[in-house]
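Colleague:
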Amino acid sequence: MKKYLSIYKMTFLESIQYISNILFGFIAYSVTIYIFLCLWKYLYQDPSSLIEGYSITQMIWYVLVTECMWYGNRNRTLTEQICNDIKSGSIAYNLNKPYNYLSFIVFKHFGDITFKFICYSIMSVILGLIFVGPLDGFFIQNIPFIIISVILGSIINSLIRIAISLFSFWIEDTTPFQWIYDKIILVIGTLFPVELFPKILQPIMKCTPIFVVNYGPAKLFVDFSFSMFKKVLLSQIIYIVVILLIATIIYRKGVKKLNVNGG
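232 is the number that our numbering gives to position 231 of the sequence shown; each next residue is one higher, with no gaps.
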């Protein structure tokens, strides 16, 4: 574990050196939030009205949380490095290193996004307080449970992206699949809560990664309940086990294919 923590630490320290990149990201993030603020203010012509159980304050904070998770979790380690390592053949050298390649990628990814995610979280709180004010019914003691859900959601998101990238053992470029996954997560559950979609689709959506990656953690933030937390937590644990198993199987089959073909 020490070697993985060292990888995490080195990547974290390296990411701090590129604060300017994060600052430029804040511009795009702020513009996105402002656009949706204008959209929801137009839809909530009566500020006291509710749309599918969400007040305008809850809706804006929901978008702030999901956009923070979306922007804060983005980097090229999961979507490009794995593909490039496989296509270039450099993954063969990593197989001989004294660490597991997938664990190396995961810790490097989280080392890269930790500082960025903290910055986006602070920015989200500031924008939320400026645009709509504090969230009614939000209690400080709920924060640890929300953080747990956010971390598990980020892990699931990372594992899914890794599983997609590992298909580079068979497909030359997995970028289109990453793009499709990215847009599904962005539109369904990030920009709009599940409750805004047709009721016939909602049970299906709650069985997909949308529920555990972004909707669940954001729902806990704007309308926390322990029953919801238990439901989200159980779903996240199941998803982590299943996706980790799938990623491991794909990786082992890919490595076997690599060895058969002579590396």
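Ideal placement from N, C-alpha and C gives every residue a C-beta, glycine not left out.
A quick note: this is a predicted structure, and the numbers were derived from the prediction, not measured.
If you drop the 5 nearest sequence neighbours on each side, which residues of the same chain put their C-beta closer than 7 Å to that of Val107?
Modeller: Ser159
Colleague: Which same chain residues, not among the five before or five after Tyr216, have their C-beta less than 6 Å away from its C-beta?
Modeller: Gly190 and Val195
Colleague: Would you kindly work out how many angstroms separate the C-alpha atoms of Gly73 and Tyr121, rounded to a whole number?
Modeller: 6 Å
Colleague: Tell me the rounded alpha-carbon separation between Tyr55 and Lys3.
Modeller: 45 Å
Colleague: Anyone know if the C-beta pair for Leu221 and Ile163 falls short of 7 Å?
Modeller: no
Colleague: Suppose contacts are defined by Cβ-Cβ distances below 7 Å. Is Trp62 in contact with Gly129 by that definition?
Modeller: yes
Colleague: Less than 6 Å between the CB of Asp174 and some heavy atom of the ligand PLP, yes or no?
Modeller: Ligands displayed in this structure: none; no statement on the ligand PLP is therefore possible.
Colleague: Residue range of the alpha helix (DSSP H) that Tyr35 falls in?
Modeller: Ile20 to Leu44
Colleague: Ordered along the chain, which non-local residues of its own chain (more than five positions away) have a Cβ less than 6 Å from that of Gly264?
Modeller: Low per-residue confidence applies at Gly264: pLDDT is 49, beneath 50, and the placement is therefore not dependable enough to give any value.
Colleague: Bridge partners of Ile52, per DSSP?
Modeller: Tyr55
Colleague: Apply the 10 Å Cβ neighbour rule to Lys184 and answer buried if 16 or more other Cβ atoms are within range, or exposed otherwise.
Modeller: exposed
Colleague: Can you grab the Cα-Cα spacing for the pair Glu68 / Tyr30, in whole Å?
Modeller: Rounded to the nearest whole angstrom, the C-alpha separation of Glu68 and Tyr30 is 8 Å.
Colleague: So what does DSSP say about Ile1, is it helix, strand or coil?
Modeller: With the chain running from 2 to 264 in the structure shown, residue 1 is simply not present.
Colleague: Buried or exposed, going by whether 16 or more other CB atoms sit within 10 Å of the CB of Ile23?
Modeller: buried
Colleague: Measuring straight from C-alpha to C-alpha, what distance separates Ile119 and Met70?
Modeller: 10 Å
Colleague: Tell me the residue span of the alpha helix (DSSP H) that contains Ser16.
Modeller: Lys3 to Ile17
Colleague: For the stretch 43-50 against the stretch 86-100, are there 3 or more C-beta pairs whose distance is under 8 Å?
Modeller: no
Colleague: Once you ignore the five residues that flank Pro199 on each side, which residues in its own chain have a CB closer than 8 Å to its CB?
Modeller: none
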